[in-house]
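Engineer: Before I ask anything, here is the structure I am working with.
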Amino acid sequence: MKLWKKLSLVTTVTLFLATGVSGAAVIGQTLRYNVEKTTESYRQQLQATAYALGRDIGESELLGYSEATRSSFFNFLMKKYGASRYILTKEGEVLCNLTDFELVNPQDERWAQTEPAVDTREVEGKRLLIMGKKIPMDSPADYRLVLVADISQVYRDMEKQVMLFLEFYLAAAVISVLFIFLLTRRMLSPLRELQKAASDISEGVLNRRARVKSHDEIGEMAGSFNRMADRIEEQVTQLEQVSRQQKQLLGSLTHELKTPMTSIIGYSDTLLHVKVDEERQNKALLHIHEECRRLERLSGKLMSLIGLYDNDSIRMEEVDIEELFAGVAQLEKYQLEEKGMRLETRAAGQKRMLDRDLFESLLINLIDNAVKAGKEGDSILLEATEGGISVTDHGKGIPEEEISRVTEAFYMVDKSRSKKAGGIGLGLALCSQIAALHHGRLHIESKVGQGTRVSILFE
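Structure (structure tokens):
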């Protein structure tokens with residue numbers, strides 16, 4: 001059962017019980033009050049009548065009269081004071097009974113008290129109030145007066161009030177049930193919003209928030225929930241970023257290892273299979289050693305660049321562009337020879353503040369892409385100008401609609417060609433980061449079937 005239904009049911013039952021018990025108590029108290037009020041009224045009447053009768057009855061005046069005369073006299077007095085409500089007794093005998101009932105035992109000692117004794121009975125569907133006392137007289141005669149009154153109307157009036165109360169009670173109950181159900185459902189609607197938000201977040205919609213505007217405890221809970229969701233989204237975003245950085249690092253290291261490894265393998269093959277003089281042998285070993293040291297430096301710099309380490313390992317220094325181009329050409333020598341391609345360099349004695357290892361990696365990436373796009377016999381131009389450095393090839397080119405996306409990490413224009421070449425789509429994304437580190441940006445111009453020109457434009 002839904003929470004709002006449970007609360008509505010509990011509230012309704014509690015309200016019904018409280019109202020019913022309170023109503024019953026009020027009705028019972030009202031009935032008791034009315035009966036007591038009626039009883040008190042008849043008690044006063046009995047007291048007054050008994051006093052008047054005691055004053056009017058003169059025992060000595062009736063001694064010489066017959067029984068019939070005395071009976072007529074008592075009937076006259078009784079009708080004078082009480083119409084049909086009274087019974088008069090003397091010494092345990094009924095002298096006069098003006099009621100329709102034979103209810104009173106004239107010898108009942110309850111009626112011998114100076115204060116009225118009270119009794120109630122139900123006779124023939126009527127509720128009767130019976131009240132009696134001794135008549136105060138100067139003579140020693142034992143006269144008693146008993147009042148018999150029908151108080152059924154008091155109970156009938158109360159029954160009408162009970163029925164009226166039940167009608168209003170049921171009508172109010174129906175209205176209250178509807179109102180309670182609607183109000184409870186509305187008041188708990190923020191909880192439904194919280195539940196939906198939690199469900200959406202559990203399904204991966206991390207930017208989902210609970211739209212609760214109330215300022216009560218539920219509103220405070222919604223605020224806490226949203227702050228928790230913000231924290232979760234932030235932590236998940238950080239974890240995803242670290243994961244991307246780690247993935248990019250692995251991809252970058254793999255990518256950057258290819259060219260140096262090609263060079264190292266080429267020199268090691270020469271040492272293993274070709275007889276060379278000691279000078280060339282030492283030169284090859286020195287080159288292998290330098291490449292290994294460069295890879296060691298490059299791995300740390302890549303980690304810094306990607307954000308996994310601090311930037312302490314990245315150092316800017318003045319670099320001669322012509323020497324930089326010569327070093328890149330040397331590193332690409334074996335790969336170009338395998339493809340039957342050549343690299344042309346143009347640099348007019350320029351010098352720039354660069355991190356040599358990273359910028360060398362940038363140029364190698366651009367040349368690698370040019371090699372992959374070209375064919376045997378093609379030439380690649382590595383050129384330095386006043387505004388930057390560019391790599392131009394005459395390969396397959398990039399479709400115009402793809403140019404804006406080639407610098408995205410893991411994006412590949414020709415996936416089949418990239419996989420055959422061992423690429424994973426990190427080259428230009430990494431190049432773009434390295435260019436930005438040097439206050440530059442990549443600018444790509446390309447036409448399908450004619451070639452591509454990638455420029456690093458410095459600010």
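If you're matching positions, the sequence shown starts at 1 in full-length UniProt numbering and goes up one per residue. For every residue, glycine included, the Cβ atom is placed at its ideal position computed from N, Cα and C.
1) Would you be able to state if there are at least three C-beta pairs under 8 Å between the segment 162-182 and the segment 199-209?
2) Please determine if the segment 203-215 and the segment 229-243 are in contact, where contact requires at least 3 C-beta pairs separated by less than 8 Å.
3) What residues in its chain sit with their C-beta under 8 Å from that of Gly-340, if we drop five residues either side in the sequence?
4) Let me know the secondary structure DSSP gives Phe-101 once reduced to three states.
5) Measure the C-alpha to C-alpha separation of Ile-434 and Gln-335 and round it to an integer number of angstroms.
6) What runs of the alpha helix (DSSP H), each 4 residues or longer, lie entirely inside the UniProt domain "HAMP" (185-237)?
7) Of the choices Val-174, Gln-281, Ile-265 and Gly-23, whose alpha-carbon is the least far from that of Leu-164?
8) Can you tell me the Cα-Cα spacing of Glu-318 and Val-236, whole angstroms?
9) Just to confirm, are Ile-456 and Gly-395 a CB contact at a threshold of 7 Å?
10) Which term fits Gly-451, buried or exposed, when burial requires 16 or more other beta carbons within 10 angstroms of its beta carbon?
11) Measuring alpha carbon to alpha carbon, tell me which residue in Val-10, Ala-149, Ser-41 and Val-118 is nearest Phe-101.
12) If I measure Cβ to Cβ from Glu-332 and keep anything under 7 Å in the same chain, skipping five residues before and after, which residues do I get?
13) Tell me Met-131's beta-bridge partners as DSSP assigns them.
14) Give a yes or no on contact between the segment 137-157 and the segment 36-45, applying the rule of three or more CB pairs nearer than 8 Å.
15) Assuming Gly-54 and Met-131 are in contact, meaning their beta carbons sit under 8 Å apart, how far apart are those beta carbons, in whole angstroms?
16) Below 8 Å on the Cβ atoms is my contact criterion, and I expect Thr-89 with Pro-106 to pass it. Report the Cβ-Cβ distance as a whole number of Å.
17) Where does His-443 fall in DSSP's three states?
18) Give a yes or no on contact between the segment 151-170 and the segment 23-36, applying the rule of three or more CB pairs nearer than 8 Å.
19) If you check the beta carbons only, do Leu-428 and Thr-407 fall under 7 Å apart?
20) Within 10 angstroms of the Cβ of Met-78, are there 16 or more other Cβ atoms? Answer buried if so, exposed if not.
21) Check the DSSP bridge columns for Gly-388 and list the partner residues they point to.
22) Using CA atoms only, rank isn't needed, just tell me which of Tyr-267, Ala-197, Lys-126 and Glu-290 is closest to Phe-225.
23) What residue range is occupied by the uninterrupted alpha helix (DSSP H) comprising Ile-314?
24) If we ignore side chains and look at the alpha-carbon of each, how far apart do Lys-126 and Val-174 end up?
25) State the CB to CB distance for the pair Phe-359 and His-438, rounded to an integer number of angstroms; the pair is presumed to be in contact (CB under 8 Å).
26) Quick check: what's the CA-CA separation for Ser-404 versus Leu-381?
27) Give me, in chain order, the residues of the same chain whose beta-carbon lies closer than 6 Å to that of Ala-348; leave out the 5 immediate sequence neighbours on both sides.
28) Using alpha carbons as the reference points, say which of Lys-247, Arg-346, Lys-37 and Arg-280 lies closest to Ala-384.
29) Can you look up Asp-56 in the DSSP assignment and give me helix, strand or coil?
30) Among Leu-324, Ala-370, Lys-372 and Glu-386, which one has its Cα closest to the Cα of Arg-356?
31) Quick one: complete alpha helix (DSSP H) runs, 4+ long, within the segment 347-380?
32) Need the endpoints of the beta strand (DSSP E) that Lys-275 sits in, please.
33) If you draw a straight line from the alpha carbon of Val-274 to that of Ile-265, how long is it in whole angstroms?
34) According to the neighbour-count rule (16 or more other Cβ atoms, all chains shown, within 10 Å of its Cβ), is Arg-85 buried or exposed?
35) Is the beta carbon of Gly-397 closer than 7 Å to that of Ser-446?
Structural biologist: The relevant details are as follows:
1) A contact is defined here as three or more CB-CB pairs under 8 Å, and the segment 199-209 fails this definition with respect to the segment 162-182.
2) A contact exists between the segment 203-215 and the segment 229-243.
3) Position 340 of the sequence shown holds residue 340. Residues of the same chain with a CB within less than 8 Å of the CB of Gly-340, apart from the 5 flanking positions on each side, are Glu-376 and Gly-377 in chain order.
4) Against the sequence shown, residue 101 aligns to sequence position 101. Phe-101 carries a coil assignment under DSSP once its states are collapsed to helix, strand and coil.
5) Position 434 of the sequence shown, counted from the start, is the residue given in the question as residue 434. Position 335 of the sequence shown, counted from the start, is the residue given in the question as residue 335. If I take the Cα positions, the gap works out to 23 Å.
6) List check, alpha helix (DSSP H) in window: 189-202.
7) For the purposes of this step, residue 164 is identified with residue 164 of the sequence shown, where counting begins at 1. Of Val-174, Gln-281, Ile-265 and Gly-23, the residue nearest in Cα terms is Gly-23.
8) Mapped onto the sequence shown, residue 318 falls at position 318. Mapped onto the sequence shown, residue 236 falls at position 236. Glu-318 and Val-236 have their C-alpha atoms some 41 Å from each other.
9) Residue numbering aside, residue 456 sits at position 456 when the sequence shown is read from its first letter. Residue numbering aside, residue 395 sits at position 395 when the sequence shown is read from its first letter. The beta carbons of Ile-456 and Gly-395 sit no closer together than 7 Å.
10) Locating residue 451 in the sequence shown gives position 451, where the first residue counts as 1. Its Cβ being crowded by 16 or more others within 10 Å, Gly-451 is buried.
11) As a first step, residue 101 is located in the sequence shown; it is residue number 101 there, counting from the start. Among Val-10, Ala-149, Ser-41 and Val-118, the Cα nearest to that of Phe-101 belongs to Ala-149.
12) Taking the sequence shown and counting its residues from 1, one reaches residue 332 at position 332. Correct list, in chain order: Thr-259, Leu-343, Ile-364 and Ile-367.
13) One-based indexing of the sequence shown puts residue 131 at position 131. Its beta-bridge partners are Val-118 and Leu-147.
14) Touching, yes, given that three or more Cβ pairs across the two stretches are closer than 8 Å.
15) As a first step, residue 54 must be located in the sequence shown, where it is residue number 54. As a first step, residue 131 must be located in the sequence shown, where it is residue number 131. Rounded to whole angstroms, the Cβ separation of Gly-54 and Met-131 is 17 Å, and the two are not in contact under 8 Å.
16) One-based indexing of the sequence shown puts residue 89 at position 89. One-based indexing of the sequence shown puts residue 106 at position 106. Correct: roughly 4 Å between the Cβ atoms.
17) Numbered from its first residue, the sequence shown carries residue 443 at position 443. Here His-443 sits in strand by DSSP.
18) By the Cβ rule, the segment 151-170 counts as touching the segment 23-36, because three or more pairs are nearer than 8 Å.
19) As a working mapping, residue 428 is identified with position 428 in the sequence shown. As a working mapping, residue 407 is identified with position 407 in the sequence shown. Yes, they are a contact pair.
20) If you number the sequence shown from 1, residue 78 lands on position 78. Buried, by the Cβ-count rule.
21) As a position in the sequence shown, residue 388 is number 388, starting the count at 1. Its beta-bridge partners are Leu-457.
22) Position 225 of the sequence shown, counted from the start, is the residue given in the question as residue 225. When each option's Cα is compared against that of Phe-225, the closest is Ala-197.
23) Stepping through the sequence shown from its first residue, residue 314 is reached at position 314. Where Ile-314 is concerned, there is no enclosing alpha helix (DSSP H), given that its DSSP letter is neither H nor E.
24) In the sequence shown, the residue the question calls residue 126 occupies position 126. In the sequence shown, the residue the question calls residue 174 occupies position 174. Their backbone Cα atoms lie some 36 Å apart in a straight line.
25) Counting from one through the sequence shown, the residue named residue 359 turns up at place 359. Counting from one through the sequence shown, the residue named residue 438 turns up at place 438. Their Cβ separation, rounded to whole angstroms, is 7 Å, which keeps Phe-359 and His-438 in contact under 8 Å.
26) Here residue 404 is taken as the residue at index 404 of the sequence shown, counted from 1. Here residue 381 is taken as the residue at index 381 of the sequence shown, counted from 1. Their backbone Cα atoms lie some 23 Å apart in a straight line.
27) As a first step, residue 348 is located in the sequence shown; it is residue number 348 there, counting from the start. Non-local beta-carbon contacts of Ala-348 in its own chain, meaning distances under 6 Å to residues more than five positions away in sequence, are absent.
28) If you number the sequence shown from 1, residue 384 lands on position 384. Nearest option by C-alpha distance: Arg-346.
29) The residue you call residue 56 lines up with position 56 of the sequence shown. Note: Asp-56 maps to helix in three-state DSSP.
30) Counting from one through the sequence shown, the residue named residue 356 turns up at place 356. Here the closest residue by C-alpha is Leu-324.
31) Segments of the alpha helix (DSSP H) lying fully in the segment 347-380: 356-373.
32) Against the sequence shown, residue 275 aligns to sequence position 275. Taken as a continuous stretch (DSSP letters only), Lys-275 belongs to no beta strand (DSSP E), as it is neither H nor E.
33) Translated into the one-based positions of the sequence shown, residue 274 becomes position 274. Translated into the one-based positions of the sequence shown, residue 265 becomes position 265. Spanning the two alpha carbons is a distance of roughly 13 Å.
34) Within the sequence shown, residue 85 is the residue found at index 85, counting from 1. With 16 or more other Cβ atoms within 10 Å, it is buried.
35) Position 446 of the sequence shown, counted from the first residue, corresponds to residue 446. Position 397 of the sequence shown, counted from the first residue, corresponds to residue 397. Note that the C-beta distance between Ser-446 and Gly-397 is below 7 Å.
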